[in-house]
Structure formats: C-alpha cells, structure tokens
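In my numbering, the protein residues as written are 719 to 1915. Using N, Cα and C, we set each Cβ at its ideal position, and we do this for glycine too. Owing to the predicted nature of the structure, the values given are computational and were not obtained by experimental measurement.
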C-alpha cells in the first residue's frame, strides 16, 4: 500500500474504529477479492464491535492499494459518507492491471455475493478441488443437492479464487442461469450466450436460428476464442438441455438431479451439497440479517434455526423477512412449526415465490406412478433411515424394483440414500417430509393403515427376528403407524403383549416403549387408563434391569407386579402355559409400596450427579465412566451421549433456559456443552485441583456458572467471557458443593472444613459462615461404626424441606420443625446426589449402583420406614413358613410367610438386636444383642423367660439344640458358649486362636466350628472338650458343610481354595483349586456325589466329591462390562432333594441346572447383598432379605 494511503488510514483510525460495523463492509471487500474468508474469520472472532473494526483495519494495512479502494467504496455503499470523505484524499492512483479477476467474474455473469453470507469452507474447497481435477481435459463437474441448500452461492464463491482462475481457467468464466426451460427458452439462452461471447467481434453475426446451429457456434467460440475457459450452467433440470453444451469444453453445472450428466460424454466429477447448516452458522445468518450479536438474539432464534432444519434457503428467507419486520420472531416461528410454508414468502434473490413452491416443482417433474410412490413416503418417521426391505413389504415388490424407483428420487434430490452397511437405507430431509405431510394431510391415516396391513400380510402372526434388516424398523415404528392409522384394537393388542415387550426391550431397551405409552395414551386409554398405567409402571420401575446383560426373564419380572396388575395376570398365564419352565411367585409382595416414578441405568459405572432441566422434560447425568448423558425424564430415552472429560465427571447442571449443560471433572476442567447438539461451547481450566461441583444461575438470559474445587476456591464464570469473573476465597479445605440462591444474589458453598458459607454473587464477598455439625446433634439416627458423611443436599421450591444424603439413605427434613418427614431406601449402594425437580413434586437420586431414580415426593412423605435386618431364622412347618426377623433394629418379629402377617412382636429392646433363632417346635425364640446380652423368650406371648449377659461385645450367632434345652452362641471372639438355659448352666468351648466365623450342630452332642485362624474343630458340647482339630487353611475359614452321610466335611477359605476332609481319618481328601477370589460358601448334594462352592467374584463351581474333579462352572454367557457374575459375592447355596438343581444367593437369587451348569432363572430383588437363602425341604419355598430390609418369601409355581 502507498505510504500516503497508509498514513490516511492510521490518521483516521480512531474515528473508523468507533463507528463502523464490519459485517457488510467485509461482504463488499470479499466480493472485490481483496479480503479472504480467513481474514473474515479473524475479524469475527473478536468480542466487541470496536475490536472487530480494529482487526479489520490491521488486516487492510497489510494489503495493497486495491484493499484501500475497496474499503473506501464499501464505506460509501453502506452509508458511511462522512468516514469515506476522511479517506478520499488518500485514494491511490489506479494502475492498469487492477481488478482483473473482478472484471473476469463480472463479464462472465457470475452472481455477486449475497448481502448476508456465511462461510462453508469445506464445500467451497471441495468444488475447487473437483475443478482442478478437470485439468486441461473437457469434462463436467456436477454440484448437486436439494432445493435451497446453497449450490449457486457456493459455486460462485469457489470462482472467487484468483489462483484457481489464473492457473486453470485463464480464458475466463461464463455463467448462464438455465432453470426449467422448453426448447424455445433454451434457444434464447444460447443466443444470449453467443452474443455475449462475440461482443468485441468487428463483424457481428445474426443470432443462431436453432439449437443445433447455436451448439456449433458455441463450440467454435469456446475452442478458438475462449480456450481454457469454464462454462457454468446454473440450475439444470433436464439432461437433454446439457446436449446443447456438449462440445468438448469444461463445464460446471448445479442441479437437484444427480443423474443429469448421464446423457453426456467426458470426465465427470460430483460434489454433494449437504442440506444442513450447523446450528451456529444458522444463528450467524440470522444475526447478520437483523444486525445483532448472536448473544443478543431473542430466545426464539434457537428454535427458529432448529425448525429451519439447517436449510440455508429457509434461514435466509426468514432472516430477510425479520430484517423488514423485526418484531415478528414469534410469528414466523409459529408459521414454521405449523408448516405454513406458503406464508414464508419471497426473498429477493430466490427464483420461487414461496418455500412450498420451491419443493413442489421437483415433485411435479415425476411421472404419475412415481408421484404415488413418493406420496407413500409421507408417513416415514423423521430423522430415520429406512431399510429397503420395509419399502419392499409396503409396495409388495422385489428389492431391485424398489431400489430403481428410489434411485429416481435420490437422483432428483427428493430422497437421500445411505449406502453404508450391507443394504441401502433411505431418508427424507425434514423439510421435504414436512412438505409431504402438509400436502397429503387428508390421506395420512389411510397411508398408515396401508403399511400396517402390508406388515400383517407379510409377517402374519410372527414377529421380525434380529437377523432381518427391517427388524429394528418395525420394533421402533410399528406402534407409530398403528397410532397414525388410529387402529385402536391392533395398537392395544401390540402394546399390551408381554411377547412384544420382551422382544422389543431385548433389542432396544425399555425407554422407547415407555415413550410410546405416554405418546399414544389417548388411543390406549379409550376404555380406561389402568392397563396402560400397569404396563408403563412395570417398564419404568424395571428399566434398569431390562437394559442389562444377561437379559432378564420378562415373565418372572411380571410375576413380581401387584396381583391386580394386567402385567401380573398375563405373566401368570404365560408361566402356567410354559411346560418345564421354572418361575417363582413372590407371595408376600403385597406389603411393598413403590416410591419411584422411574429407574434408569444410563451409565456403566457409578453415577455421581443427575439434574432436571427447568421444564422437567430432560435429565442430565454424569459419572465415573467419563460420559455426560441427557435423557427424557418421562421415559429414560437417551437424547445425547458425550465422552466429555479425560477423568471421572463429578457434576453436571442445566442452564436456566435448558440450552446448555455444564460439566466438571477430576481432570480439573469445566466444560459447557450445547444440550441439544452436544457441541462444546467453552472450556475453563483455572482450577488447580479436581472440580467437585458446577451450578448455573436461576435467571434466563444471563449465563453465570459457579464452580468449586479441592483447591478451596469457588469461581464464578460469565459464559460470554473467556476468563473467571470472581474467585471466592475463605474455605480452608476442599469445597464440595455450591448453589445459587433462588434470586441469584448469593452463592452458598459447603466444604470438608465443616462449614457452609454464603457469598455475594456480584462482589464475591463472604456474607456468612455456618458450622454444620451443630445442626445434627439432636438427630434421632442410630449411630454407626462408620462416620456419616453428608454428601449433598437439595432444597424444595418453597424452602420448607431439605433433602440430605448419607451413605445409601435419604433423609427428608422439615426445616421449620427440624423433624424428619421421611426416610427412603432404594439404592443398592452409596448415593452421590439428590435434586428436587423445579416444582418440587419429584426428586432425583444417583448412586454407585449405576442407576438414576426418580421419586415422587408425595409418596415418599407418606411411606413408612419398616426395615428388617438381614439376620433371620426360618422354620418350614406343615406347609407354613414361620420367620423370625429383627425389625427396625430393636424389635423381634415372628411373621407368617404364607399370609404376610405379624404373629408376634416384642417391645423395643434397650440395645439393638444383632442375631436371632427359632426352636424347631416353634415354642421358643432367642436373640443376641449388640450389648452382649442373650435372651430366650416364649413365642406364644413374647415373654422373656431367661436373660444372660454373656459377652462384652455384639453377639454374632445363636442356635438351639434339637431338644430346645440348650442355646449355643458366639460373639466376635474365640469362645463358644453352650448355655443350658433351663438349668442355667454354661460350658465354654475354648481353643480357637482368633474369632469364631460360625458353627453348626452335628449328631450325638457334637459341634463343628470354624474360625478366622484357619482351623476347624469338632467339640463335645457336654464336656466342652475338643475331639478333633483340623488345620485347614492359611487364611480365614469362611464356611463349612457336612456331607449327608456325615463322613466328610468341606471347608472354604479366604485363601481362594476349598477342601474336602474325612472326619474318620482327619485328613484332606481333595484340595479344590480354581477360584479367583475368596471362597465364601459351600454345600453337599443330597445324593452325596457333588459339592458346590461359591466365591466373591460371583462364580459357582460344582465338583465331584469322589475324584475332586471340576464338573461345571456356573456363569452367565454374556455380562455387562464391569458387572460381577452374581451381582456380587455368592453368600449361600442349596441343592434340590434330587440333586438336579441348585439355588444361590448373592446380589440376587439364581437357580441352576446342575447337569449342564446353565442358569434356569434369576430373581432380582429390589436391593442387593443377600446374606443367606433359606430353602424348604421340598425345594419349593425360598426366604431371604436384601440390604434394603425387604423380606422375600418365594414359591415355585
């Protein structure tokens, strides 16, 4: 640039920076070829108007005289006449070579850049690359795509490359807008082109009289006068038109029809213009039209861009209309949502009056037969790729015939084809589908009915199997078509069939089915809503099981539903029909109330946080698997999955308007994501330790984010800025939690230093500090051996209630009265997070057990908190099941398992009860307490007959001898006490060096005991002498079993082995190796041939007693990653009387076929960690308690 021009720019720089808006000025300069797209991006990246102006001037200063002139002209054109006057005297003199490229484009008829233009560099580069591929040879480049995708604008943009024209097309470029033409119209276009090319000939010729003559003249002109030039034919509809230009030159065409060049010879290259703009690009176009920053656009802007489905045409039409009517955002959004395309009218630069005309003109080109087939596509679901087989069934045709019809649509950009995988899949752009639905609205019901009838005709009474390519389509959309056809009976039969539910959930999980129950409730509920509610509840509460491997038995899950439920009644019919199948009835389930609305398992590891969006429609969750998940609150249907961080994600939060989700992680980073597209908006890296919590403010329109970390700081971020706005310093230890107050004036934080602090959001100053532990001194909770850490809390909307989480328990407190409102257990493991919904009617919890649970606050507040301990005793007597259980820690209850009734309950004891036992004649019961006291009571009236302060520590086990005269007990020490309670005489069995693990009675006043010292001993309980002593294992002995004939016993140990011993010879018969974890339990088969052992890895092995050989390894075929085989340790085993079946307890209950080692059935308890299983002698009744304190009495059907 000349020194004079440069000085004028520098002298007037301040005035220019202060006033100019850069976007339209840059459009002019890019059209003049003095500014590149990269220059434009640099300018746009600046935050303020002034910074953008300064960057533009800096760029101009690095360029030549042309850029000064172009800048001056742009100022004049955009109305900055006073600023242009300041630069006028600095305009450099014009040199002869100036503007050569601009002249080439102008003379060639290349359209000007539109006033509003956003870059799509990948597509522009693709067009340039294909033009370079032509080299010096004649050939065709086709730029194709659906109506309004930006073919023309992108092609013109590609030609604004100085180097491309100089190197490949020095003869110039010649642009003709062809459009839909008949022969007369085409002749006029050809005559005009010839006239343009001959403009400087001394002898002007007459215009050609016909197409053939025009073609010949054009060939001569292109070869002799314009060698190495490019002909651009814009908007070609018919292949016959191209024959007029087929004369050995280089041609670029734009068309909706990909196959249009099939009729001509030469090299051919294609560029497919995708129909969708990125969301951010759409916002950029709107912001340029209305001359407003993206961040200042109204809320409707995001919805508008989404409704435009990424179409550049539609966004530009809307933008142009908004420029004229800036207050009509809501109006145009409604028009788009209601598919009123006729009202979205002309933009000056487009050839069609309205959007529907642009689309219908393509359809009108089809022959009548094809039009009917295209109409059938009106009922395709949005955003779904449909396999060819579905359309073969719909049209009752062979695959090849269907593919030929569909290829016709694909070629004309009326349909898209995905050729990945084994077969072709087809889909419509959303705008095309909207257009079809609007056009054929009155026939949609019939079209839906037709596809359902064709499905029924093809599949008859069968259902599709996974190996068929159309299988997934029908499972996902058969109900959608039935609902669209209003086929109430068919929809009812389908949705209320356990066979359909089983097949569908096994393939796609339960979320989509729950969504369908909600979506089609108006059709399904026409008689009454009860049946639909039964099925919806069944899936909502079992969703976390139905998404796992191995897939659970749906019939067995159905049998656990209330007896009045349609699901239960269907499951019972199925179970009775299936011969040889093994099913269980939960006979005491009446007492159980469901407190949840939905249970989902979105992660494959611990879930650390979950939260509602403000409209309660969506839930975001995150956890140890480093992913962020967003799913529907109604159904659990996944909307978004992002691998968001390099380490565990500890917290996530929605912005008040639901547009963004923030995450924070142990990788020290905070990230903000678009909650619908999953695009990362920003990353903050100012914390120096793991970031524990992030929380958005409550007001829409302003995005403030609070974060807190182990570095002891709370930071406040404004999403429109790159750096932290405030850092709050005051805690002396890790900060776990932070929350904005409802009015956003304050931020509350809590820390491991034991304080809650209140900060002013605006200034970051500390307002108040509270010592938390003082508030919990009056709590009525039982003290535990583990320190109770309060993990987090959540306030209800009215501020009256607070939810607190500790371990796997939830406590709901009333703030005013400081009383506990409710106490709910449901998670199988530690709970990390609890959050109320915005209206307080629901709350969310997330846990180590990989689930997110949605609870109904009303139900929880009404529920009782009856909890049984896992230590219980059971006697099976004359077909009745009598159960002695510890109730709410301090009561003893005798329950009738058949009727689920309480026969007897003791008064509360002074010290919690730790163990209990029943006498075989059901006359007496005994229990041990944590204080070390043992008591014997009469079952008839619950009266205590005898009491003894036997130990200084908690009693672990107690058992009556068969004559009920003597009670044997052990505590966590090395002595066993034999107490004849009627005579009040005691014998002490001393000999073990470490604590007793357990004991069992043998015949003839003998007792077998085993200990953590690795030994097993046989005692005479009358004399107290040791009769046999076995040094069994290097580690603790965890269990022993005695063979049915009494000649052998087995021992299992923490050293990962099991052993079989002979009582007679006191020697080891077999050492059983192969377990990879502590061997926790063992049992002999009644036929005296087999031994079963179970370990802490959840694996069960069956051994031959005679040889010590391993016969079977019991384990499911497939398992979720990281999932223990039995849901945890195997804690109990029992054979059937015929030795053909085995039942095991662990994380849940399982039944096995002993002959094959295969699983016969699984019963999923609500909780986990079952400590034992009590089995009736006939193997038809089973009793256990889970870690939530729920009792299960199960009966074989």
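Residue 1052 - containing alpha helix (DSSP H), residue span: 1047-1055
Beta-bridge pairing of residue 1743 - partner residues as DSSP gives them: 1738
Range covered by the alpha helix (DSSP H) that runs through residue 1195: 1189-1202
Run of the alpha helix (DSSP H) containing residue 1126, from where it starts to where it stops: 1117-1129
Neighbour-count burial assignment, residue 1671, 16 or more Cβ in a 10 Å radius: exposed
Closest by C-alpha distance to residue 1883, when choosing among 1900, 1871, 1150, 1875: 1900
Minimum Cβ-Cβ distance from residue 1263 to chain D less than 8 Å: Given the protein chain composition of this structure (a single chain), no chain D is represented.
Close-in-space but distant-in-sequence residues of the same chain around residue 807 (CB under 8 Å, 5 per side omitted): 726
Residue nearest to residue 1375 in terms of C-alpha spacing, selected from 1398, 1402, 1337, 1417: 1417
Residue environment, residue 1306, which counts as buried when at least 16 other CB atoms sit within 10 Å: buried
Local conformation of residue 1079 per DSSP, three classes: helix
Beta-carbon proximity list for residue 1008, same chain, < 8 Å, skipping 5 on both sides: 1015, 1037, 1040, 1041, 1044
Which residues DSSP lists as bridging residue 857, in chain order: 968, 985
Cβ-Cβ distance between residue 982 and residue 858 below 8 Å: yes
Buried versus exposed, by CB contacts within 10 Å (16 or more), residue 1049: exposed
Among 1601, 1226, 742, nearest to residue 798 - alpha-carbon criterion: 742
Euclidean distance between Cα positions of residue 1413 and residue 770: 32 Å
Buried versus exposed call for residue 1082 [16 or more other C-beta atoms within 10 Å across all chains shown]: exposed
Residue 800 - containing alpha helix (DSSP H), residue span: 799-805
Boundaries (first-last residue) of the beta strand (DSSP E) holding residue 1819: 1818-1822
Classification of residue 1444 by the beta-carbon crowding that lies within 10 angstroms, buried from 16 upward: buried
Cβ-based burial, residue 1263 [other Cβ within 10 Å; buried from 16]: buried
Member of 1406, 1325, 1811 whose CA lies at the smallest distance from the CA of residue 1569: 1325
Residue 736 versus residue 1010 - alpha carbon distance: 17 Å
Of the listed residues 901, 885, 1350, nearest to residue 670 (C-alpha basis): The structure shown does not extend to residue 670, since the chain spans only 719 to 1915, so no value can be given for it.
Where residue 1874 sits in the DSSP three-state scheme: coil
Same chain, Cβ closer than 6 Å to residue 1117, five either side skipped, listed in chain order: 1106, 1110
Assumed close pair residue 1405, residue 1386 - CB separation to whole angstroms, cut-off 8 Å: 5 Å
Sequence-distant residues of the same chain with beta carbon closer than 6 Å to residue 815, five excluded per side: For residue 815, the predicted model reports a pLDDT of 40, less than 50, meaning its position is unreliable; a value from the coordinates is still stated below. No residues qualify anywhere along the chain.
Identified DSSP bridge partners for residue 1902: 1910
Secondary structure of residue 1025, DSSP reduced to three states: helix
Cβ pair residue 1802, residue 1779 closer than 8 Å: no
Residue burial classification, residue 1864 (beta-carbon count within 10 angstroms, cutoff 16): buried
Euclidean distance between Cα positions of residue 1878 and residue 1227: 22 Å
Where residue 1456 falls: helix, strand or coil (DSSP): strand
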